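**Q** Residue numbers (this note's numbering): 1202 to 1316.
1) For the 8 Å Cβ check, are there 3 or more pairs between the segment 1266-1280 and the segment 1225-1242?
2) Taking the beta carbon of residue 1243 as the centre, do at least 16 other beta carbons fall within 10 Å, making it buried, or is it exposed?
3) Is the CB-CB distance between residue 1264 and residue 1256 below 7 Å?
4) Report the residue from 1299, 1203 and 1210 whose alpha carbon sits nearest the alpha carbon of residue 1250.
5) If you reduce the DSSP assignment to three classes, tell me which class residue 1294 lands in.
6) Just to confirm, are residue 1202 and residue 1301 a CB contact at a threshold of 7 Å?
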């Protein structure tokens, strides 16, 4: 949620809340208006860092968590972030990728250099 405003109660109803939010996966902007007395569903967002182990030819990444468990089901993200990950891996840098998971979707959203 990046913006929220409340309108006054009208003569036939409840106060309304206008919300503006940004999708964490696509960066698309969404707006909604709902009565201030209604409950809203909130997604559970998990963030986890994995050390990059390998970048496969098909664009799949092999990563390892802090416990040493590996997984090979993450795809190289599109755009500049994907290019940056591939370039840094080819240079031999050691770094982690940050994965955000919510509502059944997962996406790499950033990187961190390991010292």
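Just so it is clear, CB atoms sit at the ideal spot from N, CA and C, and this is done for glycine as well.
Owing to the predicted nature of the structure, the values given are computational and were not obtained by experimental measurement.
**A** Taking the definition as stated:
1) The segment 1266-1280 makes no contact with the segment 1225-1242: fewer than 3 CB pairs, one atom from each, lie closer than 8 Å.
2) exposed
3) no
4) 1299
5) coil
6) No, they are not a contact pair.
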